[in-house]
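The numbers in the sequence shown follow full-length UniProt numbering, run straight up by one, and end at 54. Even glycine gets a Cβ: it sits at the ideal position worked out from N, Cα and C. Beneath this line is the structure, given in structure tokens, with notes to follow.
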Amino acid sequence: DLKTVSKALDDKKFLVDRIIQALEAEELAAHDDGIAEGGSEDLVVEDSDGSAAI
Numbered sequence: 001d002l003k004t005v006s007k008a009l010d011d012k013k014f015l016v017d018r019i020i021q022a023l024e025a026e027e028l029a030a031h032d033d034g035i036a037e038g039g040s041e042d043l044v045v046e047d048s049d050g051s052a053a054i
């Protein structure tokens, strides 16, 4: 049934989105710790089009 499959995929998407948010928060916290300790690393993230941005 397509409705069942759609719901299952929606549930999986929700879980993946939560994992992404947790990883982004962890990365930001690590970056903030680096700045607090005097680190000068640039944080590189990908724009929605896939190109790297600083």
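Checklist entry - If you draw a straight line from the C-alpha of E26 to the C-alpha of D10, how long is it? => result Within the sequence shown, numbered from 1, the residue matching residue 26 stands at position 26. Within the sequence shown, numbered from 1, the residue matching residue 10 stands at position 10. Rounded to the nearest angstrom, the two C-alpha atoms are 24 Å apart.
Checklist entry - In the structure shown, what three-state DSSP assignment does D32 receive? => result Residue mapping note: residue 32 aligns to position 32 of the sequence shown, counting from 1. Three-state result, D32: helix.
Checklist entry - To which residues of the same chain is L23 closer than 8 Å at the C-beta, ignoring the five residues directly before and after it? => result The sequence position of residue 23 within the sequence shown is 23, counting from 1. Answer for L23: no residue qualifies.
Checklist entry - D17 by DSSP, collapsed to three states: which one? => result The residue given as residue 17 occupies position 17 in the sequence shown. Here D17 sits in helix by DSSP.
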